[in-house]
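Using our numbering, you'd call the opening residue of the sequence shown number 1452 and step up by one each time. Please read the structure below before turning to the comments.
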Amino acid sequence: MTACAVPSTSDVAEGDIKKSEVLYQQALEKVKKGDLKAALEDYNQAIEANPQNSDAYSNRGNAYFLLKQPEEAMKNYNQAIKLDPELSRPYYNRGFLYQREGKPELAVKDYNKTISLNPDYIPAYLNRAVVLSILGDNQGAIEDYNKVIETDPNLPQLYFNRAASYSELGNPEKAMEDLEKASQLFAKQGNTEALEKTKEVMSQIKQ
């Protein structure tokens, strides 16, 4: 039995490419409405119409991920990357899946690739910071948190997380500065639970 090759874009009729894009956009709208199974059907048809639609594979992977089918999600991310190695989002999606599966080394590689292809994609820096801290690279985590904070200086969790990295590096002064900032922002949000947790950590550092 001979394997069937995936057709190149030039082998796909223009009408099928357009049909695939329409179905792909329909699927995105259904995802927004929370109708994942219906979205999956549209992604399937989009890929059937144009097997080169890498975006459809990547987002079908997301649908599988949300439907708690990680193996199918991984297959789709891998196929999206195979079809278009210069597309950043599938690497990010796969990295997030690796992160959720407790594979931080693989997650970092995919976040690195995401950032190399799209240096302005801030979520990749945020997730990489979390993973780097897990791997013990707290200096790298701090650098990524710095990047994210430049973009969104009013998100208290960023300061809380960066404080943990400063603390791990033996810099309690910087940690306290970040915790003070985090507590101010949590208070402003009215997030009393997070505020109390932040104050507890501050008390531990002062001891």
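For glycine and all other residues, C-beta sits at the position ideal for the given N, C-alpha and C.
Contacting residues, own chain, Cβ-Cβ under 7 Å from residue i (five flanking each side not counted)
i, result
"residue 1627", "1653 and 1656"
"residue 1649", "1611, 1630, 1633, 1634 and 1637"
"residue 1490", "1478, 1481, 1482 and 1514"
"residue 1487", "1514, 1517 and 1518"
"residue 1569", "1539"
Close beta carbons around residue i, own chain, < 6 Å, minus the five adjacent residues each side
i, result
"residue 1494", "1478, 1507 and 1511"
"residue 1532", "1541"
"residue 1471", "1497, 1500, 1501 and 1504"
"residue 1645", "1637"
"residue 1453", "Caution is warranted here: a pLDDT of 37 is assigned to residue 1453, below 50, making its placement in the model unreliable, and no coordinate value can be reported."
"residue 1640", "none"
"residue 1476", "none"
Residues of its chain near residue i, where Cβ-Cβ distance is below 8 Å and the 5 sequence neighbours each way are ignored
i, result
"residue 1525", "1512, 1545 and 1548"
"residue 1527", "1508, 1509, 1511, 1512 and 1515"
"residue 1399", "Past the edges of the chain, shown from 1452 to 1658, lies residue 1399, and the structure says nothing about it."
"residue 1563", "1579"
Whole-angstrom C-beta distance between residue j and residue i, which should lie under 8 Å
i, j, result
"residue 1474", "residue 1505", "With a Cβ gap of about 15 Å, residue 1474 and residue 1505 do not count as contacting."
"residue 1610", "residue 1592", "Actually they are not in contact, since the Cβ atoms of residue 1610 and residue 1592 sit about 13 Å apart, beyond 8 Å."
"residue 1589", "residue 1616", "4 Å"
"residue 1555", "residue 1517", "The pair is not a contact, with the Cβ atoms about 22 Å apart (cut-off 8 Å)."
"residue 1599", "residue 1620", "At roughly 18 Å, the Cβ-Cβ gap does not stay under 8 Å, so residue 1599 and residue 1620 are not in contact."
"residue 1692", "residue 1583", "There is simply no residue 1692 to check, as the chain begins at 1452 and stops at 1658 in what is shown."
"residue 1543", "residue 1521", "16 Å between Cβ atoms; not a contact."
Exposure label - residue i; buried when at least 16 CB within 10 Å
i, result
"residue 1658", "exposed"
"residue 1565", "buried"
"residue 1450", "An answer regarding residue 1450 cannot be provided, because it is not within the stretch 1452 to 1658 covered by the chain."
"residue 1514", "buried"
"residue 1484", "exposed"
"residue 1551", "exposed"
"residue 1481", "buried"
"residue 1530", "buried"
"residue 1595", "buried"
"residue 1571", "exposed"
"residue 1561", "buried"
"residue 1607", "buried"
"residue 1614", "buried"
"residue 1580", "buried"
Near the ligand HEM: residue i beta-carbon under 7 Å from a heavy atom
i, result
"residue 1556", "As far as ligands go, the structure on display features none, and thus does not contain the ligand HEM."
Unbroken stretches of the alpha helix (DSSP H), 4 residues or longer, contained in the region 1454-1524: The alpha helix (DSSP H) runs of length 4 or more contained entirely in the region 1454-1524 are, from start to end of the chain, 1465-1483, 1487-1500 and 1505-1517.
Can you list, in chain order, the stretches of the beta strand (DSSP E) that have 3 or more residues and sit fully within the region 1519-1595? Taking only runs of at least 3 residues, no beta strand (DSSP E) segment lies wholly in the region 1519-1595.
Taking the runs of the alpha helix (DSSP H) that are 4 residues or longer, which of them lie wholly in the region 1597-1622? Qualifying alpha helix (DSSP H) stretches, in chain order: 1607-1619.
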